[in-house]
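Please read the structure below before turning to the comments.
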Amino acid sequence: MGERFVVVPVDGGVRVAGEGEHWDAVVADPASYTGGGGGSSDSSSGTAEVKEAGEDSVFEPEDPNALVPILEYNREPNKYGDGVPKENSPFINNTDNDKGNSYDGTNMALFEEEMDSNPMVSSLLNKLANYTNLTQGAQEHEEAEEDEGPKKKAVKSPQMGTFMGVYLPCLQNILGVILFLRLTWIVGTAGILESLAIVCLCCSCTMLTAISMSAIATNGVVPAGGSYYMISRSLGPEFGGAVGLCFYLGTTFAGSMYILGTIEILLTYIVPKAAIFVAEKKEDEPDALLNNMRVYGTCCLALMAVVVFVGVKYVNKLALVFLACVILSILAIYAGVIKTIFEPPDFPVCMLGNRTLQNHNFDSCLKTEIIQNVTVTTKLWKLFCDGPEFNATCDEYFANNNVTSVQGIPGLTSGVISENMWSVYGPLKMLVENKKLPSAGGSDPAQDIYMPYVVNDITTFFTLLVGIYFPSVTGIMAGSNRSGDLRDAQKSIPIGTILAIATTSFIYVTCVVLFGACIEGVLLRDKFGDSVKGNLVIGTLSWPSPWVIVIGSFFSCCGAGLQSLTGAPRLLQAIARDGIVPFLQVFGHGKANGEPTWALLLTAGICEIGILIASLDAVAPILSMFFLMCYLFVNLACAVQTLLRTPNWRPRFKYYHWALSFLGMSLCLALMFISSWYYAIVAMAIAGCIYKYIEYRGAEKEWGDGIRGLSLNAARYALIRLEEAPPHTKNWRPQLLVLLNLDSDQGVKHPRMLSLTTQLKAGKGLTIVGNVLEGTYLTKEAEAKKAEQNIKSSMSAERTKGFCHVVVSSNLRDGFSHLIQSAGLGGMKHNTVLMAWPGTWRQSNDPQSWKNFIETVRETTAAHQALLVAKNVDSFPTNQDRLEEGTIDVWWVVHDGGMLMLLPFLLRQHKVWRKCKMRIFTVAQMDDNSIQMKKDLQMFLYHLRLDAEVEVVEMHDNDISAFTYEKTLVMEQRSQMLKQMQLSRTEREREIQSITDESRSSIRRKNQGAAQSTNPCQQSPSMEDNLEDEAQLIHDRNTASHAAINDKAETGPDRVHMTWTKDKLFTERNRNREGNSNVAVRDLFNMKPEWESLNQSNVRRMHTAVKLNEVVVNKSQEAHLVLLNMPGPPGNRGGDENYMEFLEVLLEGLNRVLLVRGGGREVITIYS
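Under this note's numbering, the residues of the sequence shown are numbered 5 to 1172, in order.
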């Protein structure tokens, strides 16, 4: 299949090389011209040599007679384009096998750096040419097979057409045990009209499902797994796993049903004497039959499992034999129907009055008979009387009614069809009667069950018959399961499946009508043929002999059972290999040849459960549930894909519509509850449990499923609706943007921030966890991905449900601004920002850290977003902690829209804070009535439905203390010192730059090879050290509460290697000493005159911070959490550092604090 272009030289007269006339110097390694790999650039010749001969001529020869290379289309076996041999993996994105194949061509050199991620078209075509029954772009299927070890053998090209590959397998799977063993009984019980309704209902369901399945199956290749694969790739791993396991259980119980059918045929119609359990009394016969079914069914299951284990290939080869049995049996039925027109078969049914008798223990349907002119009693007499004598005591009903014989098969032209039109439902043990025959009274119902009458073995009603009949229309997936063996699966699957369903539907409809038109009603209702000497009822109609049907149905059931035991383990293996259900992974392994040994054992075990139930009529509704659920989701998958108009949804089968799929889905759901509502609930509960298990514990799989597309559409619709108007106050909840800090290894520095987020959100609403990396995205891409991965891992560990957003920006300031502005989408945007307090801002040499913090506060205010700042966040409780009795204290100083009220309520919903009580403190001024304030606040909380203790704290207008003045003075002096340090550093940097420029210019003027010898020395750190030491000295004298500032500057960018002249060094030292001497010697006790020169605004602010801190520490030092109004930053940016000092004083002495700043809107309401 490999095809490629090869450069072949011809002469200037455009002489084309003749056949086989290849030029020796043309291609040393042909693969090197196609961009594939395999040759090196050094070994390539041909076009490369021509290029060197005339570099600028673009293959123009200098000599007109020279040879000109042209392209010849060449074919080689097993190579395509790039000369790479056939690979194991046919996938587009599988670049592992291409890593060693370097690209050496020149025509595509522009793309060579992207060759790993974007393979050459020739390489792609090569992989598709080597395609082996696996879907393109779905690497997960190859992974499981690579784990098995041995390489796959080369797969022969599939040759099966529509008839052999789809039509006949579907026919074999659909026609089966129910047709032969139960259809006559269903027709007799439900009547022709209701039986047609049952058949049409079930066949319509499968036809609509087949249309949906055809659309899905022709939208790409369906590998092993069939319907499971279709559903899982269309609806996602959760639905796929749930429905796949339901389909597996259905197939397994189908095996039980076929085995029970096999044993029923064997023990009832072929060798009845083989029964181990024999009933001595008539009332014990049902139990004896069930016990026989259990014993023989278990033996049969074991035998079939061994056959499947040892030689599954023989099972597949015998499939045609079993199919031939089915077809011959059906032909025998039609032949028998035609024969009844001319010569109906002789199968008399003995009636006592209008009651049907079991014809096992008597030969003649007479009470007495004349033998040698002597009237004697018959065997029938002995069954109803206590002796053969004429004066024996007999059953009253037997004595009062005559015995008559009616023809069991009156024939097609007899008119019996009119009698069989209507249903005859009845309870358990109801006698099978012909109401048109005369009947005298005198029956004793208590004694009738001991007499040889034909009776109902189960209670019959319409919905029960639907459940029993439905398995006879299953099997429509057989064609899609064999897609790899088909010559043209896209064409064969729809045609073959729909034709098979149409054919079987025709067979079922005609059989219902013909059975009702040919067979007497009492014989139709005789489930086991007791009235015709134990013959199979459908066999009595067949031609040339009933044994044709008996033997044919026996082998048909055997074959179907073997097929189920072959297919079910492979389906389980496909689910296990996908890895979506962790506890099933052991069943993905098998023998060396891939046969699923463990899956076969589990299948046999589940199959045994069905056999222990022992009743065909009880097992059939169970597998109906599982198949109906599978078909329901096939229809749902098609409808979802059609409505979403997914770009990849391009089925070759065009005769589908979402309305048909929805109709099919509704029909499946209706049939589930019609058949058995309690089985339906159990099946749905099993599927629901599997769904939730896969969602919770299953492996992450991304299959491009339709449910994901549905989620996207629903999200888009919801977002558009959300954006129409802002949320009402009743619907407001904090949608968080969490600004995380990462360490140098991109690990989360404060994981307790995520714990707090989880406790605050409890999984509700929106959470976006953001971080900013400094740099450019091109250089920081790997770090950004690593950071995102680490944040997601921490979110998972802390059970924080939300999204991660890592931004790379030229500076942190802009990055946080971008996050605040642009995080979220549409109506799903954050309204609250959560960040940690920069605890080390005083020790930091870089003022940008606290400046970024203040700018973030300003931006959240400008964006009308709430702000939460957590101090000492590392001391906050984890999600595993359980806080004992304690309080959450709210200090409500100013109204912020109710955020302070709402946050404790939300925290207390989480089990960490559940036992904590809420206390609300508010501050009263001198003019306020504190008693009335407390009453009003209590009433307000009552209307808010919040339980909290209320306390009003009075803060009097005391004189500003000396401590406050001293703190303010220290703050301003420290601020001035840092400004001087910054100024001197700027001056030094300018001087360094000028000296460096002079040095460079002098070096350029020297023509010698070596530069002038200069003695570079490291800048003395004394100046900067002195400045910071003095600032530290003043700071430490005035307040012992502040943290110590580092007394030595860290070696960093401030330590600059430079060249000093002697004069400059002395000048700088002297200037330094003069500047610092005035500050270093001052004594704070002599500073009171300077208090008056202080900024009074700063003094007032410091006073508020000191006094409020005293009150809060006094009341709430032992609280588990303190929530406090956060003051806003100053309008003048010059006072930013003072603002940080105010907040530091305000929070001093408190452990866990959450500063809260409202977003400018009400977030809590008293109205319902």
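Quick reminder that beta carbons are idealized off the backbone N, C-alpha and C, glycines included. This one's a predicted model, so the numbers in the text were calculated from it and none came from an experiment.
Hey, how far is the Cα of residue i from the Cα of residue j?
i	j	result
residue 479	residue 265	17 angstroms
residue 888	residue 1125	13 angstroms
residue 268	residue 189	15 angstroms
residue 196	residue 279	35 angstroms
residue 491	residue 164	5 angstroms
residue 223	residue 321	30 angstroms
residue 716	residue 723	10 angstroms
residue 754	residue 933	44 angstroms
residue 138	residue 233	Because residue 138 carries a pLDDT of 33, less than 50, the predicted location of this residue cannot be relied on, and no value is offered for it.
residue 407	residue 352	12 angstroms
residue 174	residue 610	25 angstroms
residue 787	residue 760	26 angstroms
residue 588	residue 315	25 angstroms
residue 360	residue 338	27 angstroms
residue 1012	residue 744	In this prediction, residue 1012 scores a pLDDT of 47, lower than 50, which makes its location untrustworthy; the coordinate-derived value is nonetheless stated afterwards. Each residue's alpha carbon lies about 56 angstroms from the other.
residue 409	residue 533	16 angstroms
residue 892	residue 586	43 angstroms
residue 1156	residue 875	6 angstroms
residue 775	residue 813	10 angstroms
residue 375	residue 567	56 angstroms
residue 259	residue 247	18 angstroms
residue 435	residue 378	34 angstroms
residue 335	residue 693	46 angstroms
residue 670	residue 239	17 angstroms
residue 853	residue 639	58 angstroms
Compute the distance between the beta-carbons of residue i and residue j, then report whether it is under 8 angstroms.
i	j	result
residue 941	residue 927	no
residue 1112	residue 1159	no
residue 727	residue 828	no
residue 330	residue 556	yes
residue 1187	residue 245	The structure shown does not extend to residue 1187, since the chain is modelled only from 5 to 1172, so the question has no answer here.
residue 911	residue 763	yes
residue 214	residue 466	no
residue 430	residue 524	no
Give the C-beta separation of residue i and residue j to the nearest angstrom, bearing in mind that I take them to be a contact with Cβ-Cβ under 8 angstroms.
i	j	result
residue 427	residue 198	5 angstroms
residue 507	residue 483	About 13 angstroms; that fails the 8 angstroms criterion.
residue 286	residue 449	Not really, about 15 angstroms apart at Cβ, beyond 8 angstroms.
residue 497	residue 252	Contact doesn't hold; Cβ gap of about 21 angstroms is too wide.
Quick check on the burial criterion: 16 or more other C-beta atoms within 10 angstroms. Buried or exposed for residue i?
i	result
residue 254	buried
residue 1143	buried
residue 562	buried
residue 1154	buried
residue 665	buried
residue 804	buried
residue 841	buried
residue 367	exposed
residue 943	exposed
residue 696	exposed
residue 446	exposed
residue 930	exposed
- Task: Any chance you could list the beta strand (DSSP E) runs of at least 3 consecutive residues sitting entirely within the region 236-305, in chain order?
- Result: Complete beta strand (DSSP E) runs here, min 3: none at all.
- Message: Ignoring anything shorter than 4 residues, give me the alpha helix (DSSP H) runs that lie fully in the region 805-847, in order along the chain.
- Response: Listed in chain order, they are 816-826.
- Task: Go through the region 739-789 residue by residue and report every complete run of the beta strand (DSSP E) that reaches 3 residues or more, in order.
- Result: The region 739-789 contains these whole beta strand (DSSP E) runs: 740-743 and 771-778.
- Message: Just to confirm the assignment: which complete alpha helix (DSSP H) runs, minimum length 4, are found wholly within the region 502-562?
- Response: Qualifying alpha helix (DSSP H) stretches, in chain order: 525-528 and 541-545.
- Message: So within the region 836-905, which uninterrupted alpha helix (DSSP H) runs reach at least 4 residues, ignoring any that extend past its ends?
- Response: Unbroken alpha helix (DSSP H) stretches of 4 residues or longer found wholly inside the region 836-905: 852-866, given in chain order.
- Task: Give, in chain order, every unbroken run of the beta strand (DSSP E) that is at least 3 residues long and sits entirely within the region 916-963.
- Result: Within the region 916-963, the beta strand (DSSP E) runs of at least 3 residues that lie entirely inside it are, in chain order, 920-928 and 953-958.
- Which ranges does the alpha helix (DSSP H) cover as unbroken runs of at least 4 residues, wholly within the region 598-643, from first to last along the chain? The DSSP assignment places 601-617 as complete runs of the alpha helix (DSSP H) inside the region 598-643, in order along the chain (cut-off: 4 residues).
- Enumerate, from N- to C-terminal direction, the unbroken alpha helix (DSSP H) stretches of 4 or more residues contained entirely within the region 169-208. Within the region 169-208, the complete alpha helix (DSSP H) runs of at least 4 residues are 172-178 and 181-185.
- Query: In chain order, which beta strand (DSSP E) runs of at least 3 residues are fully inside the region 353-431?
  - Reply: Counting whole runs of 3 or more residues, the region 353-431 contains the beta strand (DSSP E) stretches 372-375, 378-381 and 407-411.
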